[in-house]
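Enquirer:
2 protein chains.
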Amino acid sequence: MNAGVELSAARAPGRPRDPQVDRSILAATLELLGEEGFDRLSIEAVAGRAGVGKTTVYRRWPSKIPLVVDALTAMKSPVPSAIPDDVSTRDALVRAMGGFTKPHEGSAARVLAGLVDAMSRNEELATAVRAVLVTERQRGLMEVIQRGKRRGEIRPEVDAHVMIDLLGGPMVLRRLITGDPVNARLALAIVDLVMDGAAPASSR
Amino acid sequence: MNAGVELSAARAPGRPRDPQVDRSILAATLELLGEEGFDRLSIEAVAGRAGVGKTTVYRRWPSKIPLVVDALTAMKSPVPSAIPDDVSTRDALVRAMGGFTKPHEGSAARVLAGLVDAMSRNEELATAVRAVLVTERQRGLMEVIQRGKRRGEIRPEVDAHVMIDLLGGPMVLRRLITGDPVNARLALAIVDLVMDGAAPASSR
DNA sequence: CATTTCCGAAACGCACGCGTATCGAAAGGT
DNA sequence: ACCTTTCGATACGCGTGCGTTTCGGAAATG
Chain A
1 MNAGVELSAA RAPGRPRDPQ VDRSILAATL ELLGEEGFDR LSIEAVAGRA GVGKTTVYRR
61 WPSKIPLVVD ALTAMKSPVP SAIPDDVSTR DALVRAMGGF TKPHEGSAAR VLAGLVDAMS
121 RNEELATAVR AVLVTERQRG LMEVIQRGKR RGEIRPEVDA HVMIDLLGGP MVLRRLITGD
181 PVNARLALAI VDLVMDGAAP ASSR
Chain B
1001 MNAGVELSAA RAPGRPRDPQ VDRSILAATL ELLGEEGFDR LSIEAVAGRA GVGKTTVYRR
1061 WPSKIPLVVD ALTAMKSPVP SAIPDDVSTR DALVRAMGGF TKPHEGSAAR VLAGLVDAMS
1121 RNEELATAVR AVLVTERQRG LMEVIQRGKR RGEIRPEVDA HVMIDLLGGP MVLRRLITGD
1181 PVNARLALAI VDLVMDGAAP ASSR
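Read top to bottom, the protein sequences are chains A and B. The numbering used here numbers the first residue of the first sequence as 1 and each following residue consecutively. The numbering used here numbers the first residue of the second sequence as 1001 and each following residue consecutively.
1. Is the beta carbon of Glu1143(B) less than 9 Å from the beta carbon of Ser1088(B)?
2. Run the CB neighbour count on Ala92(A), radius 10 Å, all protein chains shown included, and call it buried at 16 or more, exposed below.
3. In terms of alpha-carbon separation, which member of Asn1122(B), Met1097(B), Ala1108(B) lies closest to Leu1032(B)?
4. For Ala1092(B), which residues in chain A fall below 7 Å Cβ to Cβ?
5. By the three-class DSSP mapping on this structure, what secondary structure does Asp1196(B) have?
6. Of the choices Val1158(B), Leu1188(B), Ala1128(B), whose alpha-carbon is the least far from that of Leu188(A)?
7. Taking 7 Å as the limit between beta carbons, can you name the residues of its chain near Ser77(A), skipping five residues before and five after?
8. When burial is assigned at 16 or more other CB atoms within 10 Å of the CB, is Pro156(A) buried or exposed?
9. Tell me whether Pro13(A) sits in a helix, a strand or coil according to DSSP, three-state version.
10. Tell me the rounded alpha-carbon separation between Leu26(A) and Ala128(A).
11. Which whole-angstrom value describes the C-beta separation of Leu1193(B) and Val162(A), a residue pair presumed to lie in contact below a C-beta threshold of 8 Å?
12. For Met1142(B) and chain A, any beta-carbon pair shorter than 9 Å?
13. Hey, does Ser63(A) have any beta-carbon neighbour from chain B nearer than 9 Å?
14. What separation, rounded to the nearest whole angstrom, lies between the Cα atoms of Met75(A) and Val132(A)?
15. Arg95(A) touches chain B at which residues, Cβ-Cβ below 7 Å?
16. Would you mind giving the Cβ-Cβ distance between Gly106(A) and Leu1173(B), rounded to the nearest angstrom? I have them listed as a contact below 8 Å.
17. In angstroms, rounded to a whole number, what distance separates the CA positions of Gly1034(B) and Pro19(A)?
18. Do you know how far the Cα of Pro84(A) is from the Cα of Pro200(A)?
19. Please tell me whether His1104(B) has its Cβ less than 9 Å away from any Cβ of chain A.
20. Residues of the segment 127-140 of chain A with a CB closer than 7 Å to any CB of chain B: list them in chain order, please.
21. Looking at C-alpha atoms only, which residue of Glu1044(B), Gly1098(B), Ala1113(B) is the closest neighbour of Gly1140(B)?
22. Return the chain-ordered list of same chain residues with a C-beta closer than 8 Å to the C-beta of Lys54(A), the five sequence neighbours on each side being excluded.
This is how it looks when you write it as structure tokens:
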């Protein structure tokens, strides 16, 4: 009933909301999420950083979690480019892994670090974080792995999920825990070891 | 000067501190660290959980960080048993990885999750956490890897540090981020893939 | 017994963030 | 012109934890 009006324009009578304000709030949320982490993130600080009244934030988001979820969703990384046919599975893996080593990933890692403990106590937040910061990256690796199986460069009985965790796990471990460097050299070493294995050919 | 007296007994005049109180405080700190994380951990709650006055805590530790550091230090895991000669490198790795799958590790993972973001902002805390929760586990894997190299079951040019991160990274990734199961089956799959590699023998 | 220190409990002033309410001005539709 | 809603700013009462102080009693030494 009245679908046309309600769906297309919904005719709000008063002053329309400024879309720039939404962008400022989400950007400030992401900044502070990286600087302070989820627990120390306050709505007050978000409003201050965005140059906006607290009322304006609360009018749009009822609490911290939906705000953070929306901010993360707005963080979507660009779609990965397709892989040319003449690229080997090994090189394609290195290229896909290279996404972890870009400097932009450093801030993403800091955001993730500030979310880890909150995720363990809030399933809604955990789901959103995984969707934005994890699933997308895993999907890129999965495509390369399945392509490798089709090309006969990866054995068909290899568990793709285990292989994905094997490739991504060390990057997360270093970023969040050990602080060891994450660079192209590491990505290359990981891919080589995962593809070749550690055992000598004689014992296989 | 006066070394004998100062070092052995130091003769405090008044009532001696109750060592049981120290243990209660450290135990309560560990509990709350797992339940609430570092940021939400308050000295008030520690004192309450330990059945102790706030004064008693502040008399021993000046702030939250040294308290947490001491609590973690008291968490030291038992020394790993030596590896018999008749165990293959593959089985020894599976056994060493099995340490990650024990139920006790679940609480250690929760403690770690609550510390990750604080570590990124406090180097002293990060160093202590790595010493207690990371280095010890890495050392166990390092021994097995070097033993494997001596036995010719691991190629000598393999980077041991990369291999350690390759084995441990997926466990941390699953515990802290994806929530995927961490069990003996996974440990076996990881060791098999790392030792054998994903590429078919024909392309090596 | 006198002294010293430790212990648990309670209260203190302070700072911060919560979520709400109120204000005058601005920006739209009717 | 009139109405409605948004906007930034400010203030409110409330709760929580901070680090300190005070208190009465307990446990050690000399």
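Don't be surprised by glycine CBs; every beta carbon is placed ideally from N, CA and C.
Expert: Working from what's here:
1. no
2. buried
3. Ala1108(B)
4. Residues of chain A passing the Cβ test: none, with the nearest at roughly 13 Å.
5. helix
6. Val1158(B)
7. Glu136
8. exposed
9. coil
10. 15 Å
11. 6 Å
12. no
13. no
14. 7 Å
15. In chain order: nothing, as chain B lies at least about 16 Å away.
16. At roughly 18 Å, the Cβ-Cβ gap does not stay under 8 Å, so Gly106(A) and Leu1173(B) are not in contact.
17. 41 Å
18. 32 Å
19. no
20. Arg130, Val134
21. Gly1098(B)
22. Ile43, Glu44, Ala47
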